[in-house]
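In this text, residue positions in the sequence shown follow the numbering used here: the first is 12, and each later residue adds one. All C-beta atoms in this analysis are idealised placements derived from N, C-alpha and C, irrespective of residue type, glycine included. Everything numeric in this text was worked out from a predicted model, so none of it was measured. Scroll down for the structure; my scribbles are underneath it.
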Amino acid sequence: MWNSSVSMKLGVKTTIQTGIPFIFEGKVEISAEFSGQYQWGETKTTSKAVETSYQVTVPPMTTVIVSLLATKGTSDVPYSYTQRDTLINGDTKTSQMDDGVYKGVNSYNFKYETKSKPITA
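What follows is the structure, encoded as structure tokens:
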């Protein structure tokens, strides 16, 4: 992902000096400023919450500890894409890019362990 920001600033400054009999002297200054900023290599992150539930019955005077064991898998998948940039002068530049990487994470194989312990007074 990339961002670009382009700005142009134009300015006009006018100075007039006059006197009698209507003789004047003038000056006009014109200025232009152009700036551009480009940021490459930013990351777009999308996340999805995964929930699981486990129901447990707790008898009176008992402590129950529930542990969740899960498998976590990760992947890095490279990909290529075509990038088309429209330049300030209207020309289009097309580039074949091979620098994309999709990073994925997944959790699965949820297993619960339950341990009960009587509460002694």
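- Judged by beta-carbon spacing, residue 107 lies within the 7 Å limit of residue 93, meaning their Cβ atoms are closer than that value.
- Collapsing the DSSP output to three states places residue 66 in coil.
- Listed as beta-bridge partners of residue 108 by DSSP are 92.
- Residue 97 sits in a strand when the DSSP states are folded into three classes.
- Contact between residue 115 and residue 78 does not hold, since the beta-carbon distance rounds to 26 Å and is not under 8 Å.
- Taking the Cβ atoms as the reference, residue 60 lies roughly 11 Å from residue 118, outside the contact range of under 8 Å.
- Taking 7 Å as the cut-off, the beta carbon of residue 129 is found no closer than this to the beta carbon of residue 112.
- Taking C-beta separations shorter than 8 Å and ignoring five residues to either side along the sequence, the partners of residue 70 in its chain run 127, following chain order.
- If you draw a straight line from the Cα of residue 68 to the Cα of residue 123, it is about 14 Å long.
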